[in-house]
Structure formats: structure tokens, C-alpha cells
Amino acid sequence: MDYEAGDIVQLKKKHPCGSFEWEILRVGADFRLKCTGCGHQIMIPRRQVEKNTKGLTKR
């Protein structure tokens with residue numbers, strides 16, 4: 042998949058707040074993701090995002 046900043050990624054596991062969707066803020070070897078439910082931000086390796094992606098919505 043082609044990931045870009047601003048896209049919304051739906052991951053397989055949900056965040057403790059209940060949201061499955063994350064906004065991509067930064068793309069590279071690591072991704073910076075922001076939870077669309079609560080606004081929590083995380084850095085996660087690219088391989089893990091690619092493995093756990095269920096769906097991708099372009100902006």
C-alpha cells in the first residue's frame with residue numbers, strides 16, 4: 042500500500058478508547074499515528090503498520 046501523511050489507517054486491534062482508526066502524521070521508517078478517537082499519538086515501525094493494516098482511506 043502507498044501511505045501518505047493525512048491518510049486514515051484502520052488497524053486490526055482497537056485502541057483502549059475504542060477507535061480502530063488512526064491518522065498518519067509522519068511517514069518513514071517509523072510512522073507517527075494519531076488516534077482519531079482520543080487524539081493520542083504514537084510512533085510505530087513501518088513493518089508493524091503494514092502488517093496490522095486492515096483498511097486505508099485516502100484524504
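Numbering (the numbering used here), first residue to last: 42 to 100.
Heads up, the beta-carbon is just placed ideally off N, CA and C, and yes, glycines get one too.
Quick caveat, the model's predicted, so the values are computed rather than measured.
Within 8 Å, strictly: CB atoms of residue i and residue j
i   : j   : result
K95 : K55 : no
V68 : L97 : no
Integer-rounded CB distance, given that residue j should sit under 8 Å from residue i
i   : j   : result
E64 : K75 : 5 Å
Residue i (DSSP reduced to helix, strand or coil)
i    : result
E45  : coil
R100 : coil
V90  : helix
C76  : strand
Rounded C-alpha distance that separates residue i from residue j
i    : j   : result
D48  : Q82 : 15 Å
C79  : F72 : 18 Å
R88  : G59 : 23 Å
R100 : E45 : 9 Å
P86  : N93 : 11 Å
T77  : D43 : 20 Å
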